[in-house]
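**Q** The following block contains the structure, expressed as structure tokens.
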Amino acid sequence: KDFYNDIYRYAFWLAKNRHLAEDLTQETFMRAWRSLDSLQSDAAAKAWLFTILRRENARLYEKYRPELDDIDDFESGLPDRQQLEPEQLVEVQLLHRAMDSLEPEYRDPLLLQVIGGFSGDEIARMLDLNNNTVMTRLFRARNKLKALLNSNSPEQDHKQDE
């Protein structure tokens, strides 16, 4: 119960659809409940749940890959549109598009760190990678994301017009 919001947010990033994210979250907790005896320590519970979620998403992806570009579903995990200024809404949409354009090898560790709050060591264990690889991928992911966002910024467009 303590990790529901983090699990749902990560599921939403993976599925990009509110209903699928809810299904993934529910299935994650159901599988966790059935496998509770395999949890080695309470301290590892969050990482364990995220691993289950990633596997559930892979199963779903193998079975069914729908068109998931419905922007209303995509934005349902964001603050209410009325609370955002138009410029903020555009920035949020650009961020989501930029994140989606990252290769999974860069996007996954970054999402685990940002949404899940995991350390490099925890991400390395979850993704079965060594810590140096994770740290390199996080560094590259941030640089790629920064470049993508800068290439879409109004300031960049203005510079190109000059």
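Under the numbering used here, read the sequence shown as residues 6 to 167, first letter to last. For every residue, glycine included, the Cβ atom is placed at its ideal position computed from N, Cα and C.
(1) I believe L116 touches Y15 by the beta-carbon criterion, under 8 Å. Please report the beta-carbon distance rounded to the nearest angstrom.
(2) Which value, in whole angstroms, describes the spacing of the CA atoms of M104 and R112?
(3) Please classify G122 as buried or exposed, where buried requires at least 16 neighbouring CB atoms within 10 angstroms.
(4) Consult DSSP for G125 and reduce its assignment to one of helix, strand or coil.
(5) How big is the Cα-Cα spacing for I12 and T30?
(6) Could you give the DSSP three-state label for K21: helix, strand or coil?
(7) Closest to R142 by CA distance: which of D133, P114, R130, S156 is it?
(8) I'd like the list of long-range same chain contacts for M131, defined as Cβ closer than 8 Å, with 5 residues on each side in sequence excluded.
(9) Taking the straight line between their C-alpha atoms, what separation do you get for P109 and A50?
(10) Buried or exposed: which applies to F144, given that a residue is buried once 16 or more other Cβ atoms fall within 10 Å of its Cβ?
(11) How big is the Cα-Cα spacing for K21 and R102?
(12) Tell whether a beta-carbon distance below 8 Å holds between L41 and L99.
(13) Consult DSSP for S156 and reduce its assignment to one of helix, strand or coil.
(14) Below 8 Å on the Cβ atoms is my guess for L107 versus N62; work out the distance and round it to an integer in Å.
(15) What residue from W38, R64, A146, N137 has the CA that sits closest to V119's CA?
**A** Taking the definition as stated:
(1) Translated into positions along the sequence shown, residue 116 becomes position 111. Translated into positions along the sequence shown, residue 15 becomes position 10. Contact between L116 and Y15 holds: their C-beta atoms lie close to 6 Å from each other, under 8 Å.
(2) If you number the sequence shown from 1, residue 104 lands on position 99. If you number the sequence shown from 1, residue 112 lands on position 107. Cα to Cα, the separation comes out at about 7 Å.
(3) Taking the first residue of the sequence shown as 1, we reach residue 122 at position 117. Residue environment for G122: exposed (fewer than 16 other C-beta atoms within 10 angstroms of its C-beta).
(4) As a position in the sequence shown, residue 125 is number 120, starting the count at 1. Assigned with DSSP and collapsed to three states, G125 falls in helix.
(5) By 1-based counting over the sequence shown, the position of residue 12 is 7. By 1-based counting over the sequence shown, the position of residue 30 is 25. Cα to Cα, I12 sits roughly 6 Å from T30.
(6) Within the sequence shown, residue 21 is the residue found at index 16, counting from 1. In this structure, DSSP gives K21 a state outside helix and strand, which the three-state scheme calls coil.
(7) As a first step, residue 142 is located in the sequence shown; it is residue number 137 there, counting from the start. Comparing Cα-Cα distances from R142 to each of D133, P114, R130, S156, the minimum goes to P114.
(8) Numbered from 1 along the sequence shown, position 126 holds the residue referred to as residue 131. If the five residues before and after M131 are omitted, its C-beta is found closer than 8 Å to the C-beta atoms of A52, F55, T56, R59, L117, F123, all from its own chain and listed in chain order.
(9) Walking along the sequence shown from the start, residue 109 turns up at place 104. Walking along the sequence shown from the start, residue 50 turns up at place 45. Distance between the alpha carbons of P109 and A50: 24 Å.
(10) Reading the sequence shown from its first residue, position 139 is the one you call residue 144. It is exposed - the Cβ of F144 has fewer than 16 other Cβ atoms within 10 Å.
(11) Numbered from 1 along the sequence shown, position 16 holds the residue referred to as residue 21. Numbered from 1 along the sequence shown, position 97 holds the residue referred to as residue 102. If I take the Cα positions, the gap works out to 11 Å.
(12) Along the sequence shown, read from residue 1 onward, the residue named residue 41 stands at position 36. Along the sequence shown, read from residue 1 onward, the residue named residue 99 stands at position 94. Against a cut-off of 8 Å, the Cβ pair of L99 and L41 comes out as no contact.
(13) As a first step, residue 156 must be located in the sequence shown, where it is residue number 151. Of the three classes helix, strand and coil, the one that applies to S156 here is helix, per DSSP.
(14) Along the sequence shown, one-based indexing puts residue 107 at 102. Along the sequence shown, one-based indexing puts residue 62 at 57. Cβ-Cβ separation between L107 and N62: approximately 16 Å, too far for a contact (criterion under 8 Å).
(15) For the purposes of this step, residue 119 is taken as residue 114 along the sequence shown, with counting starting at 1. For V119, the closest of W38, R64, A146, N137 by C-alpha to C-alpha distance is A146.
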